[in-house]
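Number of protein chains: 2
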Amino acid sequence: MPAHSFSELHTIPFYECNVNNRISIPMLINILILASEHQNENLGLDQTYLIDHYDVGWVVTSYSIHINQLPRKDSVVKMTTRGTSYNRYFAFREFWLHDQDGQELVKVESIWVLMNEQTRKITPIDDTIIAPYQSEKVKRVPRLTRPERIESGADVSAKEYQVRWSDIDFNGHVNNSRYPEWMLDSLPMAFLNEHEPGNIDIRFENEVKYGNRVTSSVLVDSSDNAKIKTVHEIKSNDVLSASATIIWKEIKAKGNDQS
Amino acid sequence: MPAHSFSELHTIPFYECNVNNRISIPMLINILILASEHQNENLGLDQTYLIDHYDVGWVVTSYSIHINQLPRKDSVVKMTTRGTSYNRYFAFREFWLHDQDGQELVKVESIWVLMNEQTRKITPIDDTIIAPYQSEKVKRVPRLTRPERIESGADVSAKEYQVRWSDIDFNGHVNNSRYPEWMLDSLPMAFLNEHEPGNIDIRFENEVKYGNRVTSSVLVDSSDNAKIKTVHEIKSNDVLSASATIIWKEIKAKGNDQS
Numbered sequence: 001m002p003a004h005s006f007s008e009l010h011t012i013p014f015y016e017c018n019v020n021n022r023i024s025i026p027m028l029i030n031i032l033i034l035a036s037e038h039q040n041e042n043l044g045l046d047q048t049y050l051i052d053h054y055d056v057g058w059v060v061t062s063y064s065i066h067i068n069q070l071p072r073k074d075s076v077v078k079m080t081t082r083g084t085s086y087n088r089y090f091a092f093r094e095f096w097l098h099d100q101d102g103q104e105l106v107k108v109e110s111i112w113v114l115m116n117e118q119t120r121k122i123t124p125i126d127d128t129i130i131a132p133y134q135s136e137k138v139k140r141v142p143r144l145t146r147p148e149r150i151e152s153g154a155d156v157s158a159k160e161y162q163v164r165w166s167d168i169d170f171n172g173h174v175n176n177s178r179y180p181e182w183m184l185d186s187l188p189m190a191f192l193n194e195h196e197p198g199n200i201d202i203r204f205e206n207e208v209k210y211g212n213r214v215t216s217s218v219l220v221d222s223s224d225n226a227k228i229k230t231v232h233e234i235k236s237n238d239v240l241s242a243s244a245t246i247i248w249k250e251i252k253a254k255g256n257d258q259s
Numbered sequence: 001m002p003a004h005s006f007s008e009l010h011t012i013p014f015y016e017c018n019v020n021n022r023i024s025i026p027m028l029i030n031i032l033i034l035a036s037e038h039q040n041e042n043l044g045l046d047q048t049y050l051i052d053h054y055d056v057g058w059v060v061t062s063y064s065i066h067i068n069q070l071p072r073k074d075s076v077v078k079m080t081t082r083g084t085s086y087n088r089y090f091a092f093r094e095f096w097l098h099d100q101d102g103q104e105l106v107k108v109e110s111i112w113v114l115m116n117e118q119t120r121k122i123t124p125i126d127d128t129i130i131a132p133y134q135s136e137k138v139k140r141v142p143r144l145t146r147p148e149r150i151e152s153g154a155d156v157s158a159k160e161y162q163v164r165w166s167d168i169d170f171n172g173h174v175n176n177s178r179y180p181e182w183m184l185d186s187l188p189m190a191f192l193n194e195h196e197p198g199n200i201d202i203r204f205e206n207e208v209k210y211g212n213r214v215t216s217s218v219l220v221d222s223s224d225n226a227k228i229k230t231v232h233e234i235k236s237n238d239v240l241s242a243s244a245t246i247i248w249k250e251i252k253a254k255g256n257d258q259s
């Protein structure tokens, strides 16, 4: 029996877009998480139920995001997700974004763990929690590509951020979508206006809380001009919070065109 | 003939909410602007059309926001807007947010001007641009309550922000919804977790651009404990960008309850 797949349509409003009128990376992550939350609800296993009955919650540890095209403002996209497979500690979830013609715009692979809400420690995945997803029980879930690390002494740029109240989630930690926001903002505006990510491998290591300061460091590798690569690290008090490798492509069609 | 009224439904996803699972003030502003943009499109007068045919765009100068109740995560709200009246230079637009039972959650009054896209100067409102809204031509549009100013030497708290790439709009300026975000963030987390705005008078003075630093100052007046008042100023290079007066109320029902 294949894993239970969940789809819904979403129209992208202006406030989910960047200056190029395409969905921003933080909002791309948010809308996909929304689809998975709706699947959880649909299967009777939403956040509140998991806390009330098991004292656990799902936490994402890494995403591998492949972008063919970022959807434009006002476009309607179909979001699809399924909990593809799992083992004792890890669940492998996939996401797709398609346009109205069925073209694949974005594909995301992700790894999740169940965290105890009191101890904030990883707990084994209870079969009763995963059964409704019809996920395949496997020995090993797929390994996502690990983001590169910045070698010490490398020529990095860095920006500092104070965590804002609005960065904080219902659970008291920084919302995952803020890490890519800090990562992208470490790059110059001129670059961001002309390029967009084609591939993002991002990994979340340690939670950041209100009041913390974070440093967003980036190493730009433009040795291959057609395929600029950036390596990112978010640290708080010298502890790694998140890391990412992004492969960029030039934006060809800009402005208000319909492409 | 009464002004043309436009309504649509909106479901509030988790990423439009604050830590209390209620819609955040920046997102409240965003969804209402979305409704007015849809009305503009509906009447054939969207942003692109105004730029292409008149080289102008609508710019909001002030909001007066009255909040009975901030809608919760996952709730469905009805957004309504109309361009109520106008004179030579100013347009008065109203917004309402209702719940599914028809209860008024939020009422917003706002003043708009037309700005020339090249000169960034205010231009008279062309009758052909406003006619489809069936707005009433008046001698004086209603005056919204002006936010108070912070007297020099007052006991203020202040935080500094670097404008981020993600703060910037399609038009190259800071998105209006960022000003209330900076204003609220200048208050302590403990206060924000326990209180929400009942009334916000906010006025936008000067546009802020990428690369600027802004200072968000707040004066807290808790002389009337049942009705805490805060006065806010956002300045960039000592020039006033936005000001606001907020009247607060205590949050009674918290967490995941259904009230």
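Sequence order for the protein chains is A and B. UniProt numbering puts the first residue of the first sequence at 1, with every later residue one more than the last. UniProt numbering puts the first residue of the second sequence at 1, with every later residue one more than the last. Using N, Cα and C, we set each Cβ at its ideal position, and we do this for glycine too.
Residues of chain A with CB closer than 7 Å to the CB of W165 (chain B), please, in chain order. Sequence index remark: in the second sequence, residue 165 (chain B) carries index 165 (1-based). Under the 7 Å cutoff, chain A gives L184, D185, M189, L192.
Are any of the Cβ atoms in chain B nearer than 8 Å to that of D169 (chain A)? As a working note, residue 169 (chain A) is residue 169 in the first sequence. Closer than 8 Å: yes.
Rounded to whole angstroms, what's the CA-CA distance from S243 (chain A) to V19 (chain B)? Just pull it up for me. As a first step, residue 243 (chain A) is located in the first sequence; it is residue number 243 there, counting from the start. As a first step, residue 19 (chain B) is located in the second sequence; it is residue number 19 there, counting from the start. Roughly 25 Å separates the two Cα atoms.
Quick check on T145 (chain B): does DSSP put it in helix, strand or coil? As a position in the second sequence, residue 145 (chain B) is number 145, starting the count at 1. Residue state, collapsed to three classes: coil.
Below 8 Å, how does it come out for the segment 227-240 of chain A and the segment 193-208 of chain A: are there three or more Cβ pairs, yes or no? yes
Work out the CA separation of V163 (chain A) and R178 (chain A) for me, nearest whole Å. In the first sequence, counting from the first residue as 1, residue 178 (chain A) sits at position 178. In the first sequence, counting from the first residue as 1, residue 163 (chain A) sits at position 163. Whole-angstrom Cα-Cα distance: 10 Å.
Residues of its chain near H10 (chain B), where Cβ-Cβ distance is below 6 Å and the 5 sequence neighbours each way are ignored: On the second sequence, position 10 is the one that residue 10 (chain B) refers to. Taken in chain order, the residues that qualify are I31, V77, M79.
Considering Cα atoms alone, identify which of A:T215, A:P147, A:F90, A:V156 is closest to V59 (chain A). As a position in the first sequence, residue 59 (chain A) is number 59, starting the count at 1. Of the listed residues, the one whose Cα sits closest to V59 (chain A) is A:F90.
R93 (chain A) vs P124 (chain A) beta-carbon contact at 8 Å: The count along the first sequence starts at 1 and reaches residue 93 (chain A) at position 93. The count along the first sequence starts at 1 and reaches residue 124 (chain A) at position 124. In this structure, P124 (chain A) does not lie closer than 8 Å to R93 (chain A) by Cβ.
Which residues bound the beta strand (DSSP E) around L162 (chain A)? Translated into positions along the first sequence, residue 162 (chain A) becomes position 162. Here residue 162 (chain A) turns out to be Gln, not Leu, going by the sequence shown. From DSSP, the beta strand (DSSP E) with Q162 (chain A) extends over 157-162.
Please name the residue or residues paired with A91 (chain A) in a DSSP beta bridge. Here the question's residue 91 (chain A) lines up with position 91 in the first sequence. Answer by DSSP bridge pairing, in chain order: A:Y86, A:W112.
Is DSSP giving R140 (chain B) helix, strand or coil here? As a working mapping, residue 140 (chain B) is identified with position 140 in the second sequence. Here R140 (chain B) sits in coil by DSSP.
Do we get a CB-CB distance below 8 Å when we pair residue 261 (chain B) with the residues of chain A? In the structure as shown, chain B starts at 1 and stops at 259, and residue 261 (chain B) therefore has no counterpart that could be examined.
Residues bridged to L9 (chain B) [DSSP beta-bridge criterion]: To locate residue 9 (chain B), count along the second sequence from 1; it is residue 9. Note: L9 (chain B) sits in a beta bridge opposite B:K78.
Identify whether F14 (chain A) lies in helix, strand or coil by the three-state DSSP scheme. The sequence position of residue 14 (chain A) within the first sequence is 14, counting from 1. Three-state DSSP puts F14 (chain A) in a helix.
Looking at the strands, I want to know which residues DSSP matches up with V231 (chain A). By 1-based counting over the first sequence, the position of residue 231 (chain A) is 231. The partner list for V231 (chain A) (beta bridge, DSSP) reads A:L219, A:T245.
Short of 8 Å in beta carbon distance, which residues of its chain neighbour H173 (chain A), apart from the five on each side in sequence? Order them along the chain. Sequence index remark: in the first sequence, residue 173 (chain A) carries index 173 (1-based). Same-chain partners within the cutoff: E207, V208, K209.
Within 10 angstroms of the Cβ of N225 (chain A), are there 16 or more other Cβ atoms? Answer buried if so, exposed if not. Sequence index remark: in the first sequence, residue 225 (chain A) carries index 225 (1-based). N225 (chain A) should be labelled exposed.
So is L34 (chain A) in contact with chain B if we call contact Cβ pairs under 8 Å? By one-based count along the first sequence, residue 34 (chain A) stands at place 34. L34 (chain A) counts as touching chain B.
DSSP has T119 (chain B) in a bridge; who is on the other side? For the purposes of this step, residue 119 (chain B) is identified with residue 119 of the second sequence, where counting begins at 1. According to DSSP, T119 (chain B) bridges with nothing at all.
Between the Cα of V56 (chain A) and those of A:Y63, A:Y49, A:L43, A:E117, spot the shortest distance and give me the residue it belongs to. In the first sequence, residue 56 (chain A) corresponds to position 56, counting from 1. Comparing Cα positions, the closest option is A:E117.
Short Cβ contact (8 Å threshold) for residue 263 (chain A) with H53 (chain A): Examination of residue 263 (chain A) is not possible in this model, given that chain A is present from 1 through 259 alone.
With a Cβ-Cβ cutoff of 8 Å, do I150 (chain B) and H195 (chain B) count as a contact? In the second sequence, counting from the first residue as 1, residue 150 (chain B) sits at position 150. In the second sequence, counting from the first residue as 1, residue 195 (chain B) sits at position 195. For I150 (chain B) and H195 (chain B), no; Cβs fall outside 8 Å.
Work out the CA separation of A35 (chain A) and S75 (chain A) for me, nearest whole Å. For the purposes of this step, residue 75 (chain A) is identified with residue 75 of the first sequence, where counting begins at 1. For the purposes of this step, residue 35 (chain A) is identified with residue 35 of the first sequence, where counting begins at 1. Rounded to the nearest angstrom, the two C-alpha atoms are 17 Å apart.
Kindly indicate which three-state DSSP category S36 (chain A) falls into: helix, strand or coil? For the purposes of this step, residue 36 (chain A) is taken as residue 36 along the first sequence, with counting starting at 1. In this structure, S36 (chain A) counts as helix in the three-state DSSP scheme.
S186 (chain B) to I130 (chain A), Cα distance in whole Å? Working through the second sequence from its first residue, we reach residue 186 (chain B) at position 186. Working through the first sequence from its first residue, we reach residue 130 (chain A) at position 130. Whole-angstrom Cα-Cα distance: 42 Å.
Could you check where the beta strand (DSSP E) with I202 (chain A) kicks off and where it finishes? Here residue 202 (chain A) is taken as the residue at index 202 of the first sequence, counted from 1. Note, I202 (chain A): beta strand (DSSP E), 195-204.
Can you pull the chain A neighbours of N237 (chain B), defined as C-beta to C-beta under 9 Å? The residue given as residue 237 (chain B) occupies position 237 in the second sequence. Here the premise fails: no neighbours, minimum Cβ distance about 19 Å.
Tell me whether L50 (chain A) sits in a helix, a strand or coil according to DSSP, three-state version. The residue you call residue 50 (chain A) lines up with position 50 of the first sequence. The answer is helix: DSSP assigns L50 (chain A) an H, G or I state.
Answer with buried or exposed for E109 (chain B), where buried requires no fewer than 16 other C-beta atoms within 10 angstroms of its C-beta. Against the second sequence, residue 109 (chain B) aligns to sequence position 109. Buried, since its Cβ has 16 or more Cβ neighbours within 10 Å.
Below-8 Å beta-carbon distance, V19 (chain A) vs any chain B residue: Walking along the first sequence from the start, residue 19 (chain A) turns up at place 19. Answer yes: the Cβ-Cβ gap between V19 (chain A) and chain B drops below 8 Å somewhere.
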